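Remarks on the structure that follows.
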Amino acid sequence: MDTSYLAQQVTTIIGQLHGLFDDIGVPSHERDSREAALFSALSETLHNQLRQVTSEKHEITEEAHRLMKTIKQMEASLDDNKPNPNYDTDDSNVKVTYPLMRCLQGLKEKYNAVSKLHRERFEQVRKLAEALESYASHLETSFVQVKLPPTAQNATISPSFDISPSYVASLDNEFTRVYEEYTRRVNTVKTMCQEIIQLWAELGTPQAQTDSAIIQHHRDAPEQLGLHKDDMANLKATKDRLIEEKRTRERRLNQLRSTIEDLWDRLGIEMHERKQFLSSNRGCGLRAINEYEDELARLNELKRQNLHLFVEEARVKLQELWDALYFSEEEMLDFTPAFSDVCSDALLSAHEAEIARLEALKDQRLPTLQKIDRHRELVRERDDLQASSQDASRLMLRGQKGERRDPGKLLREEKMRKRIAKELPKVEAELKKTLEQWEDEYGRPFLVLGERYLDELYASSSKAPPPRSKTPSAAPMPVKQAPKSAPPSRPGTLRGPPPSRAKTPVSTFGGSVSRNPLASSMSAASGAKSPSKIPSRAPLKNMPHGNNSPERRPPPPERDESTVRKMGPPRAPPPRMKDLFIPPEPAATPANHFEFNRGDRSESIVRHVPPEDPYDDRNYMSHSMRVGYTPQYAPPVPGSRQISQTSSTATGSTMQSGSENWETFSERSEEPEQDVDFYKYRQAAARNKRFTPEGGHASPRGVQGKKIRSIRGVDGDLMTEVDDGRMVRVVEGSEAGWTDEDAY
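Using the numbering used here, you'd call the opening residue of the sequence shown number 0 and step up by one each time.
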């Protein structure tokens, strides 16, 4: 309603009242009183309405402020960032606004939302607190360190109670700590109860001395036994007491068992009796201890009856330790009980104490003793090798029936000699240093068999090493060491033909070449390019004729005379055979130009033969023996008797050859050879032998200016015509000059 209309109504009504008063004739003073009463009633009504509306406004405002406060408290309890209570924060979202009814409606809606979130958070916290209290009730009351909310079913919580995420996290951590402690104590109690029960069983504790509560609850409900610290301390004390009792019994049983097993070994008790006794007396019970003590008493009685056997066994062990420690006879005699004839417990105890002392001494000196053993072993091997090398027959004798020869014995001896020469100085130097340190530390000499071992080492090092045997002869032959750049050069010794058991004839076609530069150079060239150059055995560079390997030395610049490698029956060669005969100088003879050169060989050593037997140079045969490729077809017949320069040069190059000592072993098999009449062959060789002067050699292009022609024989052998018109047969193959069997 509009206020102007109300004022118009009041004016109209007052005017009508005045007219009525006039009509009635109301006096003026009464008229004023009646108008005053009317105005008073009208004013009272308006003021009453105003007071009522004002009161309603205040109520709505108070309710709004109350809702605002509750909302702020719940929000603060739900949030980690709590405002300072001394200051009012101006929150535009939570404040009294007009109209009040609309503000109150908004506050109620927000209150309902915050209250719902608060109740949900509180339910979560209450459940967590209930679980925590359920575990904490088995622990000490002071164990929980976080304030818990009320956990009753219908309990209410103040809006200001902290249920923020940080509080929930701290409550969760506290629950985890309480639960872990509870679980740890439960497991500890369960483990201790199981150990206590196991100890009762092992120790054979009677039923009356056990705790029935532990046996009843240890598996399903160990918390019933108490999880407080006092309860756990009581259980631990019980377990420690039982463990100590078990250890005491085990120590006693171990002592008894060790003594019993030692007596079993000494007395030779059968194994099945031992196993039967051990299987029937297990555990740590008093009955087992009594059985062990009875068995020990029985064995001690047997030991007393067989005391002399124990003393003998101890003396055998004592002798082994004396030998290992290299004791001298005087040091052995220092222990007088070892020579006593009166057997007693005291004598046996003295032996056992001495054995223990010597074993400790052996362990202390073990590194030094090992070095001494190694040194003595090397010295023994050196002496054995030196003695063996003086036996000339070791390389020539055939094996017995059913046994095989040992062609690699010389190589093994050389390897052993190198190994000893390499290791012995190192071992001696290291042993000297060790012994000197030992003597400086202990202030007394280190004795081996009663002698100071350092003196022996100094004496052996001051002596020059004896010369080793260079050749397998009865007496050593001093040989001058040639420089490494050139092979040793000396006249070859003489050797007779072998018996008729040789498989391959010796050809006289390969004439010897001496000090011929052309032949030497061609031999080196052909040896380097030969496709089948394979060393017949491992080089023995320390032997007098060991530099025969083409891989270890350059081509030799000169050669001495050599002979056909034929060996007689097994016998020791006389020393210095080369001084007995002066071999004639052989003449050059053309070689088979179809042969491949297998490389150079060193000089050969042959035996003395009867004077009527011819000698022939076997240089060419040594080369032809190494041929790795043997043609399966016959060489073509030359169309002319003219020999080319290439063939002559190759022939001269094949003559520069030699052998190692007595034999050469090839790893490559050769083609089977044809049967030869050795008697006729030797007669032809004697007739066809020619020699070359010492100062030079004939031209490789021909012999005495004549041409050499070659023809193929009926039997497939290559025949060559020499200067006097006779035909000689050229024998090819690795066995052309000699075989391994010729050396034996």
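Virtual Cβ for every residue (Gly too), placed ideally from N, Cα, C. All figures in this text were calculated on a predicted structure; none of them were measured in a lab.
Cα separation between residue i and residue j?
| i | j | result |
| --- | --- | --- |
| L16 | Y4 | 18 Å |
| L170 | Y178 | 12 Å |
| Q215 | S157 | 46 Å |
| E269 | K228 | 54 Å |
| R240 | L306 | 42 Å |
| K361 | L346 | 22 Å |
| L19 | A63 | 52 Å |
| A313 | T209 | 50 Å |
| T470 | F445 | Here the model assigns T470 a pLDDT of 48, short of 50, so the residue's position is not dependable and the matter cannot be decided. |
| S257 | R297 | 15 Å |
| E438 | I195 | 59 Å |
| R33 | N47 | 21 Å |
| L266 | V341 | 20 Å |
| Y110 | T60 | 16 Å |
| K126 | H137 | 18 Å |
| S163 | V124 | 10 Å |
| V188 | Q197 | 14 Å |
| A391 | E380 | 19 Å |
| D261 | T335 | 25 Å |
| P221 | E74 | 45 Å |
| F276 | I242 | 25 Å |
| S339 | Q304 | 18 Å |
| A742 | R375 | Its pLDDT being 42, under 50, A742 is placed unreliably in this model, and the coordinates cannot settle the point. |
| S460 | Q389 | 23 Å |
| T10 | E108 | 48 Å |
| Q8 | Y97 | 32 Å |
| T140 | V167 | 21 Å |
| Q369 | E440 | 19 Å |
| I371 | K238 | 56 Å |
| E672 | Q682 | In this prediction, E672 scores a pLDDT of 49, lower than 50, which makes its location untrustworthy; the coordinate-derived value is nonetheless stated afterwards. C-alpha separation (whole angstroms): 20 Å. |
| G14 | Q104 | 47 Å |
Find out if the Cβ-Cβ distance for the pair residue i, residue j is shorter than 9 Å.
| i | j | result |
| --- | --- | --- |
| E300 | L255 | no |
| L453 | L434 | yes |
| T755 | E129 | The question about residue 755 has no answer, for the chain in this structure spans 0 to 743. |
| L448 | Y291 | no |
| S54 | D161 | no |
| Q72 | S159 | yes |
| L226 | Y181 | yes |
| C102 | V113 | no |
| I419 | L377 | yes |
| S343 | E450 | no |
Classify residue i: buried if its beta carbon has 16 or more other beta carbons within 10 angstroms, exposed otherwise.
| i | result |
| --- | --- |
| F746 | Not covered by the structure: residue 746. The range shown for the chain is 0 to 743. |
| M100 | exposed |
| R184 | buried |
| A6 | exposed |
| L41 | exposed |
| H217 | buried |
| A135 | buried |
| H57 | exposed |
| V143 | buried |
| L409 | buried |
| S279 | exposed |
| I12 | exposed |
| S601 | Here S601 scores only 39 on pLDDT, less than 50, and its place in the model should not be relied on; the value that follows carries that caveat. S601 is buried by the Cβ-count criterion. |
Roughly how far, in whole angstroms, is the beta-carbon of residue i from the beta-carbon of residue j, given that I think they are within contact range, below 8 Å?
| i | j | result |
| --- | --- | --- |
| M191 | K235 | 6 Å |
| L456 | E429 | Actually they are not in contact, since the Cβ atoms of L456 and E429 sit about 11 Å apart, beyond 8 Å. |
| L147 | L131 | 7 Å |
| L224 | A212 | 6 Å |
| W263 | R273 | 6 Å |
| V310 | H350 | 6 Å |
Does the beta carbon of residue i sit closer than 9 Å to a beta carbon anywhere in chain C?
| i | result |
| --- | --- |
| D1 | Any reference to chain C falls outside this structure, which holds one protein chain only. |
With a threshold of 8 Å (Cβ to nearest heavy atom), would residue i be considered close to the ligand GTP?
| i | result |
| --- | --- |
| D344 | As presented, the structure is devoid of all ligands, the ligand GTP included, so that no description of it is given. |
Would you be able to state if there are at least three C-beta pairs under 8 Å between the stretch 346 to 354 and the stretch 314 to 321? With a cut-off of 8 Å, the stretch 346 to 354 and the stretch 314 to 321 count as touching, because enough Cβ pairs lie within range.
Please confirm if the stretch 51 to 71 is in contact with the stretch 20 to 27, defined as three or more CB-CB distances below 8 Å between the two stretches. Result no; under three Cβ-Cβ pairs closer than 8 Å.
Taking 8 Å as the threshold, find out whether the stretch 115 to 125 comes into contact with the stretch 37 to 49 through three or more Cβ pairs. Short answer: they don't touch.
At a cut of 8 Å, does the stretch 373 to 387 reach the stretch 404 to 420 through at least three beta carbon pairs? Cβ pair count under 8 Å is three or more, so yes.
Could you say if the stretch 194 to 212 and the stretch 279 to 290 meet the contact criterion of at least three C-beta pairs nearer than 8 Å? With a cut-off of 8 Å, the stretch 279 to 290 and the stretch 194 to 212 count as touching, because enough Cβ pairs lie within range.
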